[in-house]
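The opening position of the sequence shown corresponds to residue 101 in the numbering used here, with each subsequent residue numbered one higher. Built from N, CA and C at the ideal position, the CB exists for glycine as well. Heads up, the thing below is written out as structure tokens.
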Amino acid sequence: MLEPLGLEEQTEAVYLAVLRHPGSDVHALAEHVGASEESVARALDALADLALIRRSWSDSRTAVPVSPQAGLEALLARQRLELAERQRQVEAVQLAAAELIADYPPLTGTGPGQELERLEGVAVVRQTLEQLAATAQEETLALAPGGPQLPDNRAASRPLARSILARSVRMKTVYLDSVRNDPESLEHARWLVRNGAETRTTPVLPLRLQVVDRAIALVPIDPQDTSRGALLVREAGLVHALVSLFDLIWDSAVPFGEPAPRSEDSFTRQELELLHLLNQGLTDEAAARKLGVSLRTERRMITNIADRLGAKSRFQLGQRSYARGLLS
Numbered sequence: 101m102l103e104p105l106g107l108e109e110q111t112e113a114v115y116l117a118v119l120r121h122p123g124s125d126v127h128a129l130a131e132h133v134g135a136s137e138e139s140v141a142r143a144l145d146a147l148a149d150l151a152l153i154r155r156s157w158s159d160s161r162t163a164v165p166v167s168p169q170a171g172l173e174a175l176l177a178r179q180r181l182e183l184a185e186r187q188r189q190v191e192a193v194q195l196a197a198a199e200l201i202a203d204y205p206p207l208t209g210t211g212p213g214q215e216l217e218r219l220e221g222v223a224v225v226r227q228t229l230e231q232l233a234a235t236a237q238e239e240t241l242a243l244a245p246g247g248p249q250l251p252d253n254r255a256a257s258r259p260l261a262r263s264i265l266a267r268s269v270r271m272k273t274v275y276l277d278s279v280r281n282d283p284e285s286l287e288h289a290r291w292l293v294r295n296g297a298e299t300r301t302t303p304v305l306p307l308r309l310q311v312v313d314r315a316i317a318l319v320p321i322d323p324q325d326t327s328r329g330a331l332l333v334r335e336a337g338l339v340h341a342l343v344s345l346f347d348l349i350w351d352s353a354v355p356f357g358e359p360a361p362r363s364e365d366s367f368t369r370q371e372l373e374l375l376h377l378l379n380q381g382l383t384d385e386a387a388a389r390k391l392g393v394s395l396r397t398e399r400r401m402i403t404n405i406a407d408r409l410g411a412k413s414r415f416q417l418g419q420r421s422y423a424r425g426l427l428s
């Protein structure tokens, strides 16, 4: 229940025991949770570090709970600050990567061996992806925005995935949270995991990205129209920036097989991201594209959020979102 706040299962069990039996010592708590005194002592140390409990003045082995409302609110506030800092880092790396890409086209050739190679058209990009998959030795990284894939695209990607995973090459992919609502996409993700791949999801992704062995990257020429082709990047500084962007997104994404976390108000990350997108001034159409959902689904999400907040208009929705701490 409290795992999204950073509490491991054993630590949460000890915390609940402290709340139910305040003033219990380590021995008593160990009996309540059915664990060793050593593991309970470690859990109490972790809870004390999180300011969810305090030690008794008379006996340091006795735990006294801090008010759950105060303790958990402080922990949630800390998590919000960490998420905001993580988002700031992602945006900074994204901006740096965009500036590097913008600076390079005038210096770039189009032939093999160039540090930045322009690939025109979908067929050339697909052929290059196949070549990269065949030469990968350590790992492949991918950001896959756009929501659920078309059946033909999923079918075409499986031979590439098999080729990579058969050689024990690590394969890490981040999809949008919206694919969790598509049965065929879920089955494809399970297929990847069964074959040894690692897959996670996040509410939004800044661009489509493929990286091989942290040395070569592939990004679209136009993020809004991937049919125009892609840039094959070999320049070490730019690849490093793109890999850093991937790592930041990967660290905050949720693995397939785990439920997407919700806020204390039971809003999903996708719903919170929708509020942020609308707050930034995006249209419904643009927000739907970012989330990888249909316009109809996006508007249904807005209606659902508004109903739960008791908002009768978009303006009131913004006001109540700020009042509830959903926007900062």
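Note down the Cα distance separating residue i from residue j, rounded to an integer number of angstroms.
{"i": "residue 421", "j": "residue 404", "result": "13 Å"}
{"i": "residue 304", "j": "residue 267", "result": "31 Å"}
{"i": "residue 325", "j": "residue 144", "result": "53 Å"}
{"i": "residue 113", "j": "residue 191", "result": "37 Å"}
{"i": "residue 428", "j": "residue 380", "result": "12 Å"}
{"i": "residue 416", "j": "residue 394", "result": "24 Å"}
{"i": "residue 111", "j": "residue 135", "result": "11 Å"}
{"i": "residue 301", "j": "residue 358", "result": "10 Å"}
{"i": "residue 425", "j": "residue 218", "result": "45 Å"}
{"i": "residue 401", "j": "residue 235", "result": "43 Å"}
{"i": "residue 312", "j": "residue 265", "result": "13 Å"}
{"i": "residue 176", "j": "residue 292", "result": "34 Å"}
{"i": "residue 184", "j": "residue 254", "result": "34 Å"}
{"i": "residue 419", "j": "residue 297", "result": "42 Å"}
{"i": "residue 233", "j": "residue 286", "result": "23 Å"}
{"i": "residue 408", "j": "residue 354", "result": "25 Å"}
{"i": "residue 350", "j": "residue 241", "result": "10 Å"}
{"i": "residue 257", "j": "residue 237", "result": "18 Å"}
{"i": "residue 414", "j": "residue 406", "result": "8 Å"}
{"i": "residue 423", "j": "residue 307", "result": "32 Å"}
{"i": "residue 328", "j": "residue 181", "result": "39 Å"}
{"i": "residue 288", "j": "residue 299", "result": "10 Å"}
{"i": "residue 384", "j": "residue 396", "result": "9 Å"}
{"i": "residue 290", "j": "residue 252", "result": "18 Å"}
{"i": "residue 250", "j": "residue 284", "result": "9 Å"}
{"i": "residue 246", "j": "residue 370", "result": "14 Å"}
{"i": "residue 372", "j": "residue 366", "result": "10 Å"}
Going by DSSP, what residue range makes up the alpha helix (DSSP H) through residue i?
{"i": "residue 272", "result": "Taken as a continuous stretch (DSSP letters only), residue 272 belongs to no alpha helix (DSSP H), being part of the beta strand (DSSP E) at 270 to 276."}
{"i": "residue 264", "result": "251 to 265"}
{"i": "residue 162", "result": "Unbroken run through residue 162: none, as it is neither H nor E."}
{"i": "residue 403", "result": "395 to 409"}
{"i": "residue 336", "result": "336 to 352"}
{"i": "residue 373", "result": "369 to 379"}
Which residue wins for smallest C-alpha separation from residue i, given the options the options?
{"i": "residue 335", "options": "322, 316 and 327", "result": "316"}
{"i": "residue 108", "options": "232, 147 and 381", "result": "147"}
{"i": "residue 270", "options": "295, 354, 229 and 174", "result": "295"}
{"i": "residue 243", "options": "181, 227, 131 and 309", "result": "309"}
{"i": "residue 320", "options": "240, 225 and 351", "result": "225"}
{"i": "residue 179", "options": "228, 352 and 246", "result": "352"}
{"i": "residue 248", "options": "260, 272 and 280", "result": "280"}
{"i": "residue 260", "options": "384, 230 and 245", "result": "230"}
{"i": "residue 216", "options": "370, 347, 356 and 339", "result": "339"}
{"i": "residue 171", "options": "115, 370 and 372", "result": "115"}
Does the CB of residue i have a neighbour CB from chain D at under 8 Å?
{"i": "residue 221", "result": "Within the model displayed, chain D is absent; a lone protein chain is all it includes."}
For residue i, collect the residues of the same chain with a Cβ closer than 8 Å to its Cβ; drop the 5 residues on either side in sequence, then sort them by chain order.
{"i": "residue 387", "result": "374, 377, 378 and 398"}
{"i": "residue 166", "result": "151, 152, 153 and 154"}
{"i": "residue 124", "result": "117, 118, 132, 162 and 163"}
{"i": "residue 412", "result": "406"}
If you drop the 5 nearest sequence neighbours on each side, which residues of the same chain put their C-beta closer than 7 Å to that of residue i?
{"i": "residue 141", "result": "126"}
{"i": "residue 344", "result": "193"}
{"i": "residue 168", "result": "119"}
{"i": "residue 330", "result": "219, 225, 318, 319, 320 and 321"}
Residues in the same chain with beta-carbon distance under 6 Å from residue i, minus the five sequence neighbours each way, listed in chain order, please.
{"i": "residue 196", "result": "341"}
{"i": "residue 117", "result": "129, 132 and 133"}
{"i": "residue 163", "result": "118, 144 and 153"}
{"i": "residue 282", "result": "248"}
{"i": "residue 410", "result": "none"}
{"i": "residue 263", "result": "233"}
Tell me the residue span of the beta strand (DSSP E) that contains residue i.
{"i": "residue 120", "result": "Unbroken run through residue 120 is the alpha helix (DSSP H), 109 to 120; no beta strand (DSSP E)."}
{"i": "residue 154", "result": "153 to 155"}
{"i": "residue 218", "result": "216 to 220"}
{"i": "residue 329", "result": "329 to 333"}
{"i": "residue 359", "result": "Looking at the DSSP string, residue 359 is not in any beta strand (DSSP E), and its letter there is neither H nor E."}
{"i": "residue 316", "result": "316 to 320"}
{"i": "residue 312", "result": "309 to 312"}
- Query: Within the chosen definition, does the region 274 to 292 reach the region 381 to 395 through at least 3 CB pairs nearer than 8 Å?
  - Reply: yes
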